[in-house]
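Below: one structure, written as structure tokens.
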Amino acid sequence: MNIYLKIANCVVTLSFLSFNYFAAKAQSQPDLAQYAKPIIGTQKMGHTFPGATVPFGAVQLSPDTDTLPYEYNNRYNKDVYKYCAGYQYDDKTIVGFSHTHFSGTGHSDLGDFLIMPTVGALQLNPGTADHPESGYRSVFHHETEVAEPGYYKVKLEDDNILAEMTATTRVGFHQYTFPKSDQSHIILDLMAGIYNYDDKNVWTFVRVENDTLVTGYRQTNGWGRTRTVYFAMSFSKPMAAYGCKDYSKRQVYRGFWGKFNQSKNFPDLAGKQLRMYFDFATAANETMKVKFALSPVSTINALENMRTELPHWDFEKTKQQAKQAWNSELGKIVITSTSNEEKINFYTAMYHAALMPTVYMDVNGEYKGLDQNVHKATGFTNYTSFSLWDTYRAFHPYQNIVNPTRNADMVKSMLAHYDQSALHMLPIWSHYANDNWCMSGYHSVSVIAEAIIKGTVTTDLDKALDACIATANHKEYDGIGYFIDKGYIPQDKNGVSVSSTLEYAFDDWSIAQLAKKLNRQDVFETFSRRAQNWRNVYDSSIGFMRPRLSDGSFKKEFDVLKTDGQGFIEGNTWNYSLYVPQDPVAMIQLMGGKKRFTAHLDSLFTMHLPDEFFAETEDITRDGIIGNYVHGNEPAHHVAYLYNWTDAPWKTQERVRMILKNQYHSGSSGLGGNDDCGQMSAWYIFSALGFYPVAPASGQYWLGSPAIQTASVHLENGNTFSVTAIDQSDKNVYVKKVLLNGQLLNRRYITHDEIMKGGKLEFFMSAKPVKK
Numbered sequence: 117m118n119i120y121l122k123i124a125n126c127v128v129t130l131s132f133l134s135f136n137y138f139a140a141k142a143q144s145q146p147d148l149a150q151y152a153k154p155i156i157g158t159q160k161m162g163h164t165f166p167g168a169t170v171p172f173g174a175v176q177l178s179p180d181t182d183t184l185p186y187e188y189n190n191r192y193n194k195d196v197y198k199y200c201a202g203y204q205y206d207d208k209t210i211v212g213f214s215h216t217h218f219s220g221t222g223h224s225d226l227g228d229f230l231i232m233p234t235v236g237a238l239q240l241n242p243g244t245a246d247h248p249e250s251g252y253r254s255v256f257h258h259e260t261e262v263a264e265p266g267y268y269k270v271k272l273e274d275d276n277i278l279a280e281m282t283a284t285t286r287v288g289f290h291q292y293t294f295p296k297s298d299q300s301h302i303i304l305d306l307m308a309g310i311y312n313y314d315d316k317n318v319w320t321f322v323r324v325e326n327d328t329l330v331t332g333y334r335q336t337n338g339w340g341r342t343r344t345v346y347f348a349m350s351f352s353k354p355m356a357a358y359g360c361k362d363y364s365k366r367q368v369y370r371g372f373w374g375k376f377n378q379s380k381n382f383p384d385l386a387g388k389q390l391r392m393y394f395d396f397a398t399a400a401n402e403t404m405k406v407k408f409a410l411s412p413v414s415t416i417n418a419l420e421n422m423r424t425e426l427p428h429w430d431f432e433k434t435k436q437q438a439k440q441a442w443n444s445e446l447g448k449i450v451i452t453s454t455s456n457e458e459k460i461n462f463y464t465a466m467y468h469a470a471l472m473p474t475v476y477m478d479v480n481g482e483y484k485g486l487d488q489n490v491h492k493a494t495g496f497t498n499y500t501s502f503s504l505w506d507t508y509r510a511f512h513p514y515q516n517i518v519n520p521t522r523n524a525d526m527v528k529s530m531l532a533h534y535d536q537s538a539l540h541m542l543p544i545w546s547h548y549a550n551d552n553w554c555m556s557g558y559h560s561v562s563v564i565a566e567a568i569i570k571g572t573v574t575t576d577l578d579k580a581l582d583a584c585i586a587t588a589n590h591k592e593y594d595g596i597g598y599f600i601d602k603g604y605i606p607q608d609k610n611g612v613s614v615s616s617t618l619e620y621a622f623d624d625w626s627i628a629q630l631a632k633k634l635n636r637q638d639v640f641e642t643f644s645r646r647a648q649n650w651r652n653v654y655d656s657s658i659g660f661m662r663p664r665l666s667d668g669s670f671k672k673e674f675d676v677l678k679t680d681g682q683g684f685i686e687g688n689t690w691n692y693s694l695y696v697p698q699d700p701v702a703m704i705q706l707m708g709g710k711k712r713f714t715a716h717l718d719s720l721f722t723m724h725l726p727d728e729f730f731a732e733t734e735d736i737t738r739d740g741i742i743g744n745y746v747h748g749n750e751p752a753h754h755v756a757y758l759y760n761w762t763d764a765p766w767k768t769q770e771r772v773r774m775i776l777k778n779q780y781h782s783g784s785s786g787l788g789g790n791d792d793c794g795q796m797s798a799w800y801i802f803s804a805l806g807f808y809p810v811a812p813a814s815g816q817y818w819l820g821s822p823a824i825q826t827a828s829v830h831l832e833n834g835n836t837f838s839v840t841a842i843d844q845s846d847k848n849v850y851v852k853k854v855l856l857n858g859q860l861l862n863r864r865y866i867t868h869d870e871i872m873k874g875g876k877l878e879f880f881m882s883a884k885p886v887k888k
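Per the numbering used here, the very first residue in the sequence shown carries number 117; after that it's consecutive.
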């Protein structure tokens with residue numbers, strides 16, 4: 117242990133030297149964190165959390181406002197959907213503060229290790245929202261709530277406790293100001309969780325090491341079926357006593373642990389359903405602190421994470437470090453705008469686009485792999501929680517510009533996932549040493565292809581392409597065999613047949629572009645042919661994509677406005693028929709040419725979609741719909757930019773600015789749909805800057821209408837790419853002309869290379885469209 121402590125102290129010394137360097141650098145940074153509002157998206161459908169975290173941090177320390185179960189009467193409880201992030205702004209009570217949360221997802225897990233401070237008679241039941249006094253939860257008011265990047269504060273009214281929290285990458289830091297009491301408690305609820313149900317906990321272990329240190333782990337079976345998280349918890353003052361209540365079902369075969377009274381002051385605890393409590397005496401306004409470190413590997417690693425990242429008890433210092441980390445992240449793009457709301461929306465979008473994926477390794481580089489063994493990340497940071505169906509569209513392209521090194525590490529994490537996969541597949545939706553296989557497509561190949569084509573990833577290129585090929589050829593997975601053999605996925609074999617056919621075609625196009633880059637001609641030709649399979653689900657008799665059956669016929673009972681049961685996921689055929697981002701020219705030609713296609717796009721944005729057509733789909737609500745265009749979900753995020761391939765590019769400018777105003781606001785309900793791990797926010801960032809990656813692996817960003825006055829994108833390579841919108845205003849949304857580095861731009865896109873070289877993009881704005 118002495119050697120271990122010496123190593124830890126060396127690491128701490130290095131971390132202090134590093135911090136002093138960055139602290140000095142931070143003094144010259146603008147305070148952009150003041151504009152980022154974590155509360156945005158916490159109401160209705162945004163599914164964001166307001167708590168404390170640092171950019172891409174492994175800890176997301178945030179309040180949970182209810183305990184609804186995933187299961188009710190042996191069926192899915194639809195009300196639980198509101199709590200994907202654990203918090204709903206409309207709720208009046210807080211159950212406690214847990215350490216792991218997804219941001220903006222449409223399904224969930226996590227909510228690990230819930231802590232709640234209380235005063236008075238001990239209550240180990242969380243109580244109910246209607247009667248919080250029946251348990252340890254508390255009423256709270258938004259008037260006493262503060263949510264800032266890296267910091268959260270709220271008054272727990274029932275027990276008059278001020279709760280504050282901040283975080284490092286792997287450690288949550290709690291600070292509680294208690295009233296005078298000889299019955300103050302810290303409750304550690306190891307049963308609590310998001311999307312919880314009775315059998316979700318596989319096993320829980322707790323070890324009280326001494327009067328200030330507790331370690332343990334829990335394994336859950338939910339979205340990730342073998343997800344295990346270890347912890348180390350340290351108190352700033354010794355506990356007076358502690359105890360446990362075991363709510364586990366009685367086991368038939370349980371050994372002879374009954375020889376001990378395990379409910380009071382017993383240091384070695386295990387079971388499926390445990391709640392711990394720790395007793396203290398507190399003086400009036402006494403501040404007590406808790407450090408809570410996580411690890412994917414072991415309790416000793418969790419303790420090393422704590423000692424390395426948070427070797428002191430200075431809460432304010434940690435809070436300021438977190439704020440500096442956020443200012444460093446947000447400072448990668450500095451904008452000017454005459455609208456304060458625009459600044460809030462822009463920097464909140466940047467904030468939300470830096471929450472996931474999360475670091476998934478300890479300070480020593482160790483992490484648990486997909487094979488459930490311990491691996492060490494050598495030369496890269498390992499990440500988890502890739503919501504790739506969402507994030508390949510704009511989030512990863514955004515990272516390729518502002519965080520290329522980090523995005524390269526994300527790609528390396530995907531390739532490590534592939535190496536550890538018994539199925540020899542890249543991640544679909546990676547999640548804490550698991551793949552939960554959520555959504556359609558195999559969009560990791562788009563992320564990998566884009567990163568290599570844009571020069572973000574420069575090593576193991578052929579290995580990466582081989583991993584993409586192996587994933588795309590896994591015929592047993594989700595209709596891929598039908599896609600290869602028939603050229604489409606039959607609806608009688610797969611309920612989202614059209615969506616998957618279109619998405620596989622796009623992914624295969626991405627593989628073809630990567631093969632072209634690497635001079636793999638045979639692969640390029642094979643996947644270029646497969647990329648044409650989108651044509652096989654287009655029904656020219658109705659002008660829409662339509663499901664086909666195994667016999668080749670189109671499905672007879674078909675409604676172009678409905679999503680459920682029509683062969684699509686999270687969007688109807690009006691939206692999905694436009695999903696050929698890799699080849700808009702061919703799509704427009706097939707749909708009748710530019711004039712007819714323009715009219716079709718106009719109708720999408722202006723028609724009315726009655727509620728009945730999305731009533732069965734919890735991901736789609738009125739808040740995220742404009743006409744029949746569903747912005748609250750991802751499949752049509754590129755659609756407003758398709759006017760660039762017609763004779764009316766000014767309509768892209770008009771639609772983009774309308775969407776920015778309609779779908780993004782500065783209040784708690786300021787997102788029109790799930791933020792989906794930063795994808796909704798990345799769309800905002802790109803569109804506010806005036807360009808968007810319609811097909812990421814193309815290396816092209818298609819022009820729209822900037823919503824800022826100026827922007828300076830400070831690139832990792834030392835260059836600066838600036839955007840200026842001359843005469844931009846809410847009325848002047850149309851572009852008269854565009855200059856790139858002083859030269860008239862005679863095309864409707866810019867390239868990745870042009871951005872990364874640095875330079876100046878100038879938009880000259882007008883109140884009237886330029887029709888040519």
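Idealized CB from N, CA, C, for every residue including glycine.
| query | result |
| --- | --- |
| Check whether glutamine 176 and threonine 169 have beta carbons under 8 Å apart | yes |
| Beta carbon proximity, lysine 194 to chain D, threshold 8 Å | Structure shown: chain D not included; a single protein chain is present. |
| Assigned secondary structure, valine 128 (DSSP; H/G/I helix, E/B strand, else coil) | In this prediction, valine 128 has a pLDDT of 44, which is less than 50 and means its spatial position is unreliable; what the coordinates show is noted afterwards. Helix, per DSSP. |
| DSSP beta-bridge partners of cysteine 360 | Met392 |
| Close beta carbons around lysine 767, own chain, < 6 Å, minus the five adjacent residues each side | Tyr759 |
| Methionine 526 and cysteine 793 closer than 8 Å at C-beta | no |
| Nearest-angstrom Cβ-Cβ length linking lysine 591 and isoleucine 605, presumed shorter than 8 Å | Between isoleucine 605 and lysine 591 the Cβ distance is about 12 Å, and since that is not below 8 Å, they are no contact. |
| Rounded straight-line distance, which links the Cα of serine 219 to that of glycine 687 | 21 Å |
| Cβ neighbours of valine 563 in the same chain (closer than 6 Å, five flanking residues each side left out) | Tyr508 and His512 |
| CB contact flag (lysine 852, phenylalanine 807, <8 Å) | no |
| Where leucine 410 sits in the DSSP three-state scheme | strand |
| Tyrosine 268 beta carbon less than 8 Å from that of methionine 404 | no |
| Whole runs of the beta strand (DSSP E) within the stretch 591 to 630, excluding any shorter than 3 residues | none |
| N-terminal and C-terminal residue of the beta strand (DSSP E) that serine 144 is part of | Looking at the DSSP string, serine 144 is not in any beta strand (DSSP E), and its letter there is neither H nor E. |
| Continuous beta strand (DSSP E) stretch holding phenylalanine 640: start and end | Where phenylalanine 640 is concerned, there is no enclosing beta strand (DSSP E), although the alpha helix (DSSP H) it sits in stretches over 637 to 646. |
| N- and C-terminal bounds of the alpha helix (DSSP H) containing tryptophan 690 | 689 to 692 |
| Buried versus exposed, by CB contacts within 10 Å (16 or more), proline 383 | exposed |
| Secondary structure of methionine 422, DSSP reduced to three states | helix |
| Distance, glutamine 648 Cα to phenylalanine 172 Cα | 37 Å |
| Per-residue DSSP class, three states only, for isoleucine 517 | helix |
| Residues near threonine 434 by beta carbon distance below 6 Å, same chain, minus five either side | Thr282 and Phe289 |
| Which of helix, strand or coil DSSP assigns to serine 134 | Note that serine 134 scores a pLDDT of 47, beneath 50, so its modelled location is shaky; the value from the coordinates is reported in the next line. Three-state result, serine 134: helix. |
| Rounded straight-line distance, which links the Cα of serine 350 to that of alanine 279 | 17 Å |
| Three-way DSSP call (helix, strand, coil) for arginine 366 in this model | coil |
| Backbone CA spacing between tyrosine 593 and leucine 419 [nearest angstrom] | 40 Å |
| 8 Å contact criterion, which arginine 341 and asparagine 550 should meet: CB distance rounded | 6 Å |
| Extent of the continuous alpha helix (DSSP H) to which asparagine 778 belongs | 766 to 779 |
| First and last residue of the uninterrupted alpha helix (DSSP H) at serine 803 | 795 to 805 |
| Beta-carbon proximity list for phenylalanine 730, same chain, < 7 Å, skipping 5 on both sides | Thr679 and Ile736 |
| Nearest-angstrom Cα separation, counted from glutamate 264 out to tryptophan 442 | 10 Å |
| DSSP bridge partner residues for alanine 841 (one or two, in chain order) | Phe879 |
| Where histidine 468 falls, given that 16 or more other Cβ within 10 Å makes a residue buried | buried |
| Glutamate 259, buried or exposed, once every other Cβ within 10 Å from all chains shown has been counted against 16 | exposed |
| Length-filtered (4 minimum) alpha helix (DSSP H) runs lying within the stretch 512 to 589 | 520 to 536, 560 to 569 and 577 to 588 |
| Expected contact under 8 Å - CB spacing of proline 248 and aspartate 274 to nearest Å | 6 Å |
| Sequence-distant residues of its chain with Cβ nearer than 8 Å to phenylalanine 135 (five each side left out) | Low confidence applies here, because phenylalanine 135 scores a pLDDT of 48, under 50, leaving its location unreliable and the question unanswered by this model. |
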